[in-house]
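Everything on this sheet refers to the single structure shown next.
Residue numbers (our numbering): 403 to 810.
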């Protein structure tokens, strides 16, 4: 979607954004949806904006008769907008041509679940939602929560609303199913458990009738905790800060794919060390990048460049190794940040730099050694080392460091 002060909001330059991603060597984005026609950024103090964003496009046509609460024609929720889905396909296709995976967000839940109750204008997200009874011509009667502020849109409380959602979901699948760079995201930070799982199952079942099947995911900081997401039918999940994945993310067991996203941990935040800690604990780290600062944050805030660069160099290293054979092995390095294929390859992160002891007992003969700067990416070859025992190595530069030891 586009967001901004204008009406319609200023168009987002998607091609320029893809150029930015390509320059940084990044290969994954979330293609954001937004459920409401506005976003009151004043509900997120400290993120550099204090006004109401207008949002467009949305999936349904505004045909009237009658005016919605924003003074524009009411939505007809039986009529999907061809332009919305044409743009979705064009953007996913354009990203795919550059080797970028796209998580197609089906619904946005933060607005109703979190931001809607906040000052200075509680209830803003529901009043701006197409499913609000005053905003559509379909007579939709969605239950409202006990607070009187939020429509229970992302639940199974309204079969009529669910039927509209199901038609929309199938249209999304029809639009991008043949593309190889697609993942689906049920909702950003929202949705009741039963509804989340219903969406996952609906996508899975509908894609069984299609040529291709794609992973479907559930993100944290919504109504589900880690245990619930792990028990779900989702193929991938994004743990949240309340699950303990902020400063020292636990090693991942691989039962589902982890897309560990700063959005569900800090909102806007993170640091270069977190990127490497997450990567070496078996996660796929994602950074919610404020980019040019038009929607959140300051224009081109330099605080975020080290994170971008750490992401760049983590990906470059991932492409140089046999990543599929590497598993988190905290026990093999004194820093407890280690990906290893014992006997063949070890990648270790040193948050404080200095020395690290690595257990090379499973490795026979000699192994090659190199050090990588976590942000600058400079690679320093450091000869060889004998396997067969625990070995202590010292970084050749100050500050945090990444060590790679492997059989040539």
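Each residue gets a CB set at the ideal place from its N, CA and C atoms; glycine is no exception.
Note that this is a predicted model, so its numbers are computed, not measured.
Integer-rounded CB distance, given that residue 522 should sit under 8 Å from residue 444: Taking the first residue of the chain shown as position 1, residue 444 is located at position 42. Taking the first residue of the chain shown as position 1, residue 522 is located at position 120. At roughly 6 Å, the Cβ-Cβ gap stays under 8 Å, so residue 444 and residue 522 are in contact.
Given a cut-off of 8 Å, decide if residue 602 and residue 635 are closer than it, judged by their beta-carbon atoms. For the purposes of this step, residue 635 is taken as residue 233 along the chain shown, with counting starting at 1. For the purposes of this step, residue 602 is taken as residue 200 along the chain shown, with counting starting at 1. Contact flag set, yes.
Where residue 505 and residue 589 are concerned, what is the direct C-alpha to C-alpha distance, given to the nearest angstrom? Within the chain shown, the letter at position 103 stands for residue 505. Within the chain shown, the letter at position 187 stands for residue 589. So the two alpha carbons sit approximately 11 Å from each other.
Excluding five sequence neighbours on each side, which residues of the same chain lie with their C-beta closer than 8 Å to the C-beta of residue 490? Locating residue 490 in the chain shown gives position 88, counting from the first residue. The answer, listed in chain order, is 433, 506, 574, 577, 578.
Would the beta-carbon of residue 762 fall within 8 Å of that of residue 791? On the chain shown, position 360 is the one that residue 762 refers to. On the chain shown, position 389 is the one that residue 791 refers to. Result yes, Cβ atoms of residue 762 and residue 791 sit closer than 8 Å.
When you compare only the Cα positions, how much space is there between residue 839 and residue 623? Absent from the structure is residue 839, since the part of the chain shown begins at 403 and ends at 810.
For the beta strand (DSSP E) that residue 482 lies in, which residues bound it at each end? Along the chain shown, read from residue 1 onward, the residue named residue 482 stands at position 80. Note, residue 482: beta strand (DSSP E), 475-482.
Whose C-beta lies closer than 7 Å to the C-beta of residue 536 among residues of the same chain, with five residues either side of it excluded? Counting from one through the chain shown, the residue named residue 536 turns up at place 134. Result list for residue 536: 470, 471, in chain order.
With the cut-off set at 8 Å, would you say residue 748 and residue 760 are in Cβ contact? The sequence position of residue 748 within the chain shown is 346, counting from 1. The sequence position of residue 760 within the chain shown is 358, counting from 1. It is a contact, given that the beta carbons lie within the stated cut-off.
Give me whichever residues DSSP pairs with residue 433 in a beta bridge. Numbered from 1 along the chain shown, position 31 holds the residue referred to as residue 433. DSSP, once it has assigned bridges, lists 506 as partnering residue 433.
Report buried or exposed for residue 533, applying the criterion of at least 16 other Cβ atoms within 10 angstroms of its Cβ. For the purposes of this step, residue 533 is taken as residue 131 along the chain shown, with counting starting at 1. Per the 10 Å Cβ criterion, buried.
Near residue 421, what residues of its chain come up, given a Cβ to Cβ distance below 8 Å and the 5 sequence neighbours on each side ignored? In the chain shown, the residue the question calls residue 421 occupies position 19. No residues qualify anywhere along the chain.
Between 435, 805, 705, which has its C-alpha nearest residue 695's C-alpha? One-based indexing of the chain shown puts residue 695 at position 293. Considering only alpha carbons, the answer is 705.
Using the beta-carbon count (16 or more within 10 Å), is residue 629 buried or exposed? To locate residue 629, count along the chain shown from 1; it is residue 227. So residue 629 counts as exposed.
Reduced DSSP category for residue 666 - H, G, I as helix; E, B as strand; rest coil: Here residue 666 is taken as the residue at index 264 of the chain shown, counted from 1. In the structure shown, residue 666 falls within a helical segment according to DSSP collapsed to helix, strand and coil.
So for residue 772, helix, strand or coil by DSSP? On the chain shown, position 370 is the one that residue 772 refers to. In this structure, residue 772 counts as strand in the three-state DSSP scheme.
Cβ distance (whole Å) where residue 739 is taken to contact residue 793 below 8 Å: The residue labelled residue 739 in the question sits at position 337 within the chain shown. The residue labelled residue 793 in the question sits at position 391 within the chain shown. About 17 Å; that fails the 8 Å criterion.
Using beta-carbon positions only, say whether residue 497 and residue 431 come within less than 8 Å of one another. In the chain shown, counting from the first residue as 1, residue 497 sits at position 95. In the chain shown, counting from the first residue as 1, residue 431 sits at position 29. Taking 8 Å as the Cβ cut-off, residue 497 and residue 431 qualify as a contacting pair.
For residue 724, count neighbouring Cβ atoms within 10 angstroms of its own Cβ and tell me buried if that reaches 16, exposed if not. In the chain shown, residue 724 corresponds to position 322, counting from 1. Flag for residue 724 reads exposed.
Identity of the residue in 587, 711, 772, 776 nearest residue 503 by Cα: Here residue 503 is taken as the residue at index 101 of the chain shown, counted from 1. Ranking the options by Cα distance to residue 503, first place goes to 587.
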